[in-house]
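> Got a structure for you, written out below as structure tokens; questions coming shortly.
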Amino acid sequence: MSRIANAFKDGKAFIAFVTGGDPSLARSEEFILELIRGGADLIEIGIPFSDPIAEGPVIQEANLRALAAGTTTDGIFGLVSSLRKKTEVPIVLLTYLNPVFKYGYERFFAACETAGVDGIIVPDLPFEESGEVRPIAAAHGVDLISLVAPTSDVRIAEIAEQSAGFLYIVSSMGVTGVRSEITTDISGIVAAARAATQTPVAVGFGIHSAAQAKEIAGVADGVIVGSAIVRIIAEHGEKSAEKLYEFARAIKEAVQ
Amino acid sequence: MSDNTHGRFGQYGGQYIPETLMNEIHALEAAYERCKNDPDFTAELDALLSDYAGRPSRLYYAEKLTKKLGGAKIYFKREDLNHTGSHKINNVLGQALLAKRMGKTRLIAETGAGQHGVATATAAALLGLECEIFMGKEDTERQALNVYRMELLGAKVNAVTTGTQTLKDAVNEAMREWVSRTSDTHYCLGSVMGPHPFPTIVRDFQAVISKEARGQILEREGRLPSAVMACVGGGSNAIGMFYNFIGDEGVRLIGCEAAGRGIDTSLHAATIARGSTGVFHGMKSLFVQNEEGQIAPVYSISAGLDYPGIGPEHANLYAAGRAEYVPVTDDEAVAAFEVLAREEGIICAIESAHAVAHLLKIAGGFGTEENIIVCLSGRGDKDVAAIARYRGITINE
Numbered sequence: 012m013s014r015i016a017n018a019f020k021d022g023k024a025f026i027a028f029v030t031g032g033d034p035s036l037a038r039s040e041e042f043i044l045e046l047i048r049g050g051a052d053l054i055e056i057g058i059p060f061s062d063p064i065a066e067g068p069v070i071q072e073a074n075l076r077a078l079a080a081g082t083t084t085d086g087i088f089g090l091v092s093s094l095r096k097k098t099e100v101p102i103v104l105l106t107y108l109n110p111v112f113k114y115g116y117e118r119f120f121a122a123c124e125t126a127g128v129d130g131i132i133v134p135d136l137p138f139e140e141s142g143e144v145r146p147i148a149a150a151h152g153v154d155l156i157s158l159v160a161p162t163s164d165v166r167i168a169e170i171a172e173q174s175a176g177f178l179y180i181v182s183s184m185g186v187t188g189v190r191s192e193i194t195t196d197i198s199g200i201v202a203a204a205r206a207a208t209q210t211p212v213a214v215g216f217g218i219h220s221a222a223q224a225k226e227i228a229g230v231a232d233g234v235i236v237g238s239a240i241v242r243i244i245a246e247h248g249e250k251s252a253e254k255l256y257e258f259a260r261a262i263k264e265a266v267q
Numbered sequence: 315m316s317d318n319t320h321g322r323f324g325q326y327g328g329q330y331i332p333e334t335l336m337n338e339i340h341a342l343e344a345a346y347e348r349c350k351n352d353p354d355f356t357a358e359l360d361a362l363l364s365d366y367a368g369r370p371s372r373l374y375y376a377e378k379l380t381k382k383l384g385g386a387k388i389y390f391k392r393e394d395l396n397h398t399g400s401h402k403i404n405n406v407l408g409q410a411l412l413a414k415r416m417g418k419t420r421l422i423a424e425t426g427a428g429q430h431g432v433a434t435a436t437a438a439a440l441l442g443l444e445c446e447i448f449m450g451k452e453d454t455e456r457q458a459l460n461v462y463r464m465e466l467l468g469a470k471v472n473a474v475t476t477g478t479q480t481l482k483d484a485v486n487e488a489m490r491e492w493v494s495r496t497s498d499t500h501y502c503l504g505s506v507m508g509p510h511p512f513p514t515i516v517r518d519f520q521a522v523i524s525k526e527a528r529g530q531i532l533e534r535e536g537r538l539p540s541a542v543m544a545c546v547g548g549g550s551n552a553i554g555m556f557y558n559f560i561g562d563e564g565v566r567l568i569g570c571e572a573a574g575r576g577i578d579t580s581l582h583a584a585t586i587a588r589g590s591t592g593v594f595h596g597m598k599s600l601f602v603q604n605e606e607g608q609i610a611p612v613y614s615i616s617a618g619l620d621y622p623g624i625g626p627e628h629a630n631l632y633a634a635g636r637a638e639y640v641p642v643t644d645d646e647a648v649a650a651f652e653v654l655a656r657e658e659g660i661i662c663a664i665e666s667a668h669a670v671a672h673l674l675k676i677a678g679g680f681g682t683e684e685n686i687i688v689c690l691s692g693r694g695d696k697d698v699a700a701i702a703r704y705r706g707i708t709i710n711e
């Protein structure tokens with residue numbers, strides 16, 4: 012069983028996101044280990060990008076902080092390699108396509124395999140364009156994680172059929188960031204996805220409280236929390252570890 | 315070469331956008347395919363282009379400048395004389411009509427110099443659509459007059475404070491807005507860039523420039539031009555100027571990109587000279603970027619050319635060797651802006667002055683029986699204060 016499948020096997024999964032290198036790679040490692048100690052079942056690490064068009068202000072600023080700290084793609088691979096010596100929790104990278112393209116697809120996924128990356132999420136790579144990446148990722152044992160949006164409609168089935176790792180359901184229109192309420196018919200989308208695939212489905216975008224996490228966990232296999240975690244790091248900087256642990260514990264309790 | 319199969323121009327183009335926009339972009343593709351073959355749609359657009367925008371635009375023989383340079387006969391395609399003062403109106407009227415056919419009630423758009431923003435606000439006012447413009451904060455300051463112009467036309471102007479606060483960031487914000495709200499909103503993209511079908515839609519609406527110019531020059535000179543020239547940021551007026559000459563092998567197609575302080579400095583926006591292949595803003599094309607694939611901050615005196623990418627069809631015309639692209643510095647563009655004012659009494663946009671600058675360099679090398687057409691993409695009223703500042707003169711607007 013793959014590490015990703017393992018994360019979903021005992022109940023609902025809590026997926027935690029951090030931008031790699033915010034505020035430094037050393038702190039990212041510490042923070043990720045704290046999130047895991049608090050109960051995170053899967054870690055998503057963002058490779059910082061200059062122009063993250065699918066992100067709201069909180070993660071945009073994290074990207075800029077990480078780049079200002081000198082974070083590189085190789086630095087992120089170093090972070091994953093180092094984490095792999097300490098944990099078997101699955102790690103997926105979230106990146107825009109350009110840093111991957113520029114690194115070279117073959118070289119990038121070979122580096123993923125060596126470092127121990129389990130999957131990759133590319134928000135600007137829709138199903139139609141994914142053919143240039145999917146076989147190369149698969150050859151290196153990296154799951155290309157597909158996204159489904161509130162507007163996907165008839166596309167859900169074909170996307171779900173090709174899904175690997177888990178299926179990422181975008182909860183709302185718009186960019187990442189905290190939302191006070193989610194009005195999309197999540198259970199409808201989950202049902203359409205489950206009709207087409209056995210792949211676990213996780214929901215992200217806007218989830219920031221234990222109450223929201225609990226509600227989402229009622230309909231999906233996993234809950235993805237990003238901006239709320241990044242906001243803790245923005246507020247507490249180098250000293251975020253304890254806060255992140257507490258936050259992770261609260262979310263994990265809510266989704267169980 | 316320009317055959318567009320699934321939104322590709324050679325290896326360039328494509329649809330690299332979030333899943334949230336995919337059904338919307340497919341709906342746009344389908345609506346455009348329907349409308350472009352619908353005689354009612356084309357008749358409505360043609361009427362607006364003629365009666366409202368003032369087409370066809372004039373092809374003007376610049377006799378005085380021709381004599382001064384002593385080479386090819388110089389013609390200017392006067393897009394600056396269109397309503398709203400630039401070529402942008404050609405595309406905007408088409409897209410606004412298309413948006414209405416799709417049942418949209420709201421237009422959003424990015425703008426650099428403000429020309430596309432003004433054109434979009436104009437079309438929205440005319441057709442009764444709500445309008446919101448995204449413009450880098452730095453650009454709202456260097457083009458303050460255009461901001462007020464858009465507001466007069468009823469548009470809301472959002473000053474973008476992220477990133478470099480210029481055109482690239484305005485596109486980022488417009489895309490973020492569109493991802494948030496597609497049901498009633500059409501993103502009226504201003505150049506031949508972004509995800510398919512935008513590069514094709516914008517190209518088709520701008521191709522009227524070369525369609526007219528080709529007929530006009532054959533009527534006047536009885537021969538094709540030796541070269542056609544235009545400035546290139548994203549590349550909309552250039553593709554408009556090139557398109558109907560692509561099949562005429564003897565016609566050189568020359569795009570002039572912004573070299574800012576020089577392509578050997580870090581202060582330029584010369585995508586062809588200094589860019590490499592990448593994927594950004596929905597398309598695979600050439601971009602100014604670092605070895606990590608981070609998009610580089612770019613610079614030009616011209617807000618309209620201050621963009622780190624180029625449309626995919628241009629990238630392909632360059633790769634195929636069909637079109638040439640040359641860098642032109644701020645200094646050269648400002649000097650050309652002044653020459654055109656003094657020699658021909660035309661104050662052109664600083665963007666267009668990049669093409670004029672290269673014309674000044676090469677016209678003398680052609681025979682007097684030959685001719686060259688330069689696209690004057692816009693008028694320069696908006697740039698007068700900036701040029702004064704460049705020359706160290708303070709004026710109260």
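Residue numbers (this note's numbering), protein chains in the order written: chain A, 12 to 267; chain B, 315 to 711. Virtual Cβ for every residue (Gly too), placed ideally from N, Cα, C.
(1) Alpha carbon to alpha carbon, what distance is there between B/E606 and A/V91?
(2) Give the single residue among B/E665, B/A488 and B/E338 whose Cα lies nearest to the Cα of B/H401.
(3) Measuring straight from C-alpha to C-alpha, what distance separates B/G549 and B/V406?
(4) Can you pull the chain B residues whose beta carbon is under 8 Å from the beta carbon of A/D135, in chain order?
(5) In angstroms with no decimal places, state the Cα-to-Cα distance between B/G529 and B/V546.
(6) What are the start and end residues of the alpha helix (DSSP H) that includes B/Y613?
(7) So, at 7 Å on beta carbons, what are the nonlocal neighbours of A/S251 in its own chain, with the 5 sequence-adjacent residues on each side left out?
(8) Any idea what DSSP makes of B/G692, helix, strand or coil?
(9) Which residues bound the beta strand (DSSP E) around B/T591?
(10) Which residue comes first and which comes last in the beta strand (DSSP E) that contains B/P641?
(11) A/V214 and A/A231: beta carbons closer than 8 Å?
(12) Among B/I331, B/L600, B/Y366 and B/S497, which has the Cα closest to the Cα of B/L440?
(13) For B/M315, which three-state DSSP category applies?
(14) What ranges does the alpha helix (DSSP H) occupy inside the region 315–392 of chain B, keeping only unbroken runs of at least 4 residues that lie completely in it?
(15) What three-state label does DSSP hand B/F556 in the structure shown?
(16) With a cut-off of 8 Å, does the C-beta of A/S163 fall near any C-beta of chain B?
(17) Whose CA, out of A/F25, A/I15 and A/A16, lies closest to the CA of A/G229?
(18) Would you list the one or two residues that DSSP bridges to B/T425?
(19) Chain A beta carbons: is any one of them nearer than 8 Å to that of B/Q603?
(20) So what does DSSP say about B/Q603, is it helix, strand or coil?
(21) Flag B/G417 as yes if its beta-carbon sits less than 8 Å from any beta-carbon of chain A, otherwise no.
(22) Tell me whether the region 441–454 of chain B and the region 407–415 of chain B touch, counting them as touching only if at least three CB pairs, one residue from each stretch, are closer than 8 Å.
(23) For A/T84, go through chain B and note every residue whose CB falls closer than 9 Å to its CB, in chain order.
(24) Output needed in chain order: residues of the region 455–476 of chain B with a Cβ under 7 Å from some Cβ in chain A.
(25) Is A/Y114 helix, strand or coil by DSSP?
(26) Determine which residues of the region 60–71 of chain A have a Cβ less than 9 Å from any Cβ of chain B, and write them out in chain order.
(27) With a 10 Å radius around its C-beta and 16 neighbouring C-beta atoms as the bar for buried, classify B/R656 as buried or exposed.
(28) When you compare the CB of A/F112 with every CB in chain B, is at least one pair closer than 8 Å?
(29) Quick check: is the beta carbon of A/L158 nearer than 8 Å to any beta carbon in chain B?
(30) Less than 8 Å separating the beta-carbons of B/V670 and B/A702?
(31) Could you pull out every unbroken beta strand (DSSP E) segment of at least 3 residues lying fully inside the region 45–94 of chain A, listed in chain order?
(32) Determine, using beta carbons only, whether B/C689 and B/M555 come nearer to each other than 8 Å.
(33) How would you list, in chain order, the residues of chain B whose beta-carbon sits under 7 Å from the beta-carbon of A/E139?
(34) Return the CA-CA distance between A/L75 and A/P59, expressed in angstroms with no decimal places.
(35) Take every Cβ of the region 30–37 of chain A, pair it with every Cβ of the region 200–209 of chain A, and state whether three or more of those distances are shorter than 8 Å.
(36) Taking B/H500 as part of the alpha helix (DSSP H), name the residues at either end of that continuous run.
So, to answer that:
(1) In the first sequence, residue 91 of chain A corresponds to position 80, counting from 1. In the second sequence, residue 606 of chain B corresponds to position 292, counting from 1. One C-alpha to the other measures close to 18 Å.
(2) The residue you call residue 401 of chain B lines up with position 87 of the second sequence. For the options B/E665, B/A488 and B/E338, the alpha carbon positioned closest to that of B/H401 is the one of B/E665.
(3) Taking the first residue of the second sequence as position 1, residue 549 of chain B is located at position 235. Taking the first residue of the second sequence as position 1, residue 406 of chain B is located at position 92. Take the alpha-carbon of B/G549 and the one of B/V406: they are about 15 Å apart.
(4) Here residue 135 of chain A corresponds to residue number 124 of the first sequence, with the count starting at 1. Per Cβ cutoff of 8 Å: Y330, I331, P332, V593 and G596.
(5) In the second sequence, the residue the question calls residue 529 of chain B occupies position 215. In the second sequence, the residue the question calls residue 546 of chain B occupies position 232. Roughly 23 Å separates the two Cα atoms.
(6) As a first step, residue 613 of chain B is located in the second sequence; it is residue number 299 there, counting from the start. Taken as a continuous stretch (DSSP letters only), B/Y613 belongs to no alpha helix (DSSP H), as it is neither H nor E.
(7) Within the first sequence, numbered from 1, the residue matching residue 251 of chain A stands at position 240. Hits under 7 Å: F42, I243 and I244.
(8) Reading the second sequence from its first residue, position 378 is the one you call residue 692 of chain B. In the three-state DSSP reduction, B/G692 falls in the strand class (E or B).
(9) Your numbering for residue 591 of chain B matches position 277 in the second sequence. Unbroken beta strand (DSSP E) run through B/T591: S590 to F594.
(10) Position 327 of the second sequence, counted from the first residue, corresponds to residue 641 of chain B. Start and end: A637 to T643.
(11) Taking the first sequence and counting its residues from 1, the one referred to as residue 214 of chain A is at position 203. Taking the first sequence and counting its residues from 1, the one referred to as residue 231 of chain A is at position 220. Going by C-beta atoms, A/V214 is nearer than 8 Å to A/A231.
(12) Counted from its first residue, the second sequence places residue 440 of chain B at position 126. The candidate whose alpha carbon is nearest that of B/L440 is B/Y366.
(13) Translated into positions along the second sequence, residue 315 of chain B becomes position 1. Caution is warranted here: a pLDDT of 40 is assigned to B/M315, below 50, making its placement in the model unreliable, and the coordinate value is therefore given only provisionally. In the structure shown, B/M315 adopts coil according to DSSP, grouped into three states.
(14) As far as the region 315–392 of chain B is concerned, its whole alpha helix (DSSP H) runs of at least 4 residues are 336–350, 353–361 and 377–383.
(15) The residue given as residue 556 of chain B occupies position 242 in the second sequence. Note: B/F556 maps to helix in three-state DSSP.
(16) The residue given as residue 163 of chain A occupies position 152 in the first sequence. At least one chain B Cβ lies under 8 Å of A/S163.
(17) Against the first sequence, residue 229 of chain A aligns to sequence position 218. Selected option, being the one with the closest Cα: A/F25.
(18) One-based indexing of the second sequence puts residue 425 of chain B at position 111. B/M449.
(19) Taking the first residue of the second sequence as position 1, residue 603 of chain B is located at position 289. Yes, B/Q603 counts as interfacial toward chain A.
(20) Position 289 of the second sequence holds residue 603 of chain B. Reduced to three states, the DSSP call for B/Q603 is strand.
(21) Locating residue 417 of chain B in the second sequence gives position 103, where the first residue counts as 1. Chain A contact via Cβ: absent.
(22) At 8 Å Cβ cutoff, the stretches touch.
(23) For the purposes of this step, residue 84 of chain A is identified with residue 73 of the first sequence, where counting begins at 1. Result: E606 and G607.
(24) Those would be T476, in chain order.
(25) What you label residue 114 of chain A is simply residue 103 of the first sequence in a count that begins at 1. Three-state result, A/Y114: helix.
(26) So the list reads F60, S61, D62, P63, I64, A65, E66, G67, P68 and Q71, given in the order they occur along the chain.
(27) Within the second sequence, residue 656 of chain B is the residue found at index 342, counting from 1. With fewer than 16 other Cβ atoms inside 10 Å of its own Cβ, B/R656 counts as exposed.
(28) By 1-based counting over the first sequence, the position of residue 112 of chain A is 101. Yes, A/F112 lies at the interface with chain B (some Cβ there is under 8 Å from its Cβ).
(29) For the purposes of this step, residue 158 of chain A is taken as the residue at position 147 of the first sequence. At least one chain B Cβ lies under 8 Å of A/L158.
(30) Here residue 670 of chain B is taken as the residue at index 356 of the second sequence, counted from 1. Here residue 702 of chain B is taken as the residue at index 388 of the second sequence, counted from 1. No, Cβ-Cβ distance for B/V670 and B/A702 is not below 8 Å.
(31) Here the runs fully enclosed are 53–57.
(32) Mapped onto the second sequence, residue 689 of chain B falls at position 375. Mapped onto the second sequence, residue 555 of chain B falls at position 241. Less than 8 Å separates the beta-carbon of B/C689 from that of B/M555.
(33) One-based indexing of the first sequence puts residue 139 of chain A at position 128. Annotation: Cβ neighbours of A/E139 in chain B (cutoff 7 Å, chain order): Q329.
(34) On the first sequence, residue 75 of chain A is found 64 positions in, with the first residue counted as 1. On the first sequence, residue 59 of chain A is found 48 positions in, with the first residue counted as 1. When rounded, the distance between both Cα atoms is 7 Å.
(35) They do not touch, by the three-pair rule.
(36) Here residue 500 of chain B corresponds to residue number 186 of the second sequence, with the count starting at 1. No alpha helix (DSSP H) holds B/H500; the beta strand (DSSP E) holding it covers T499 to Y501.
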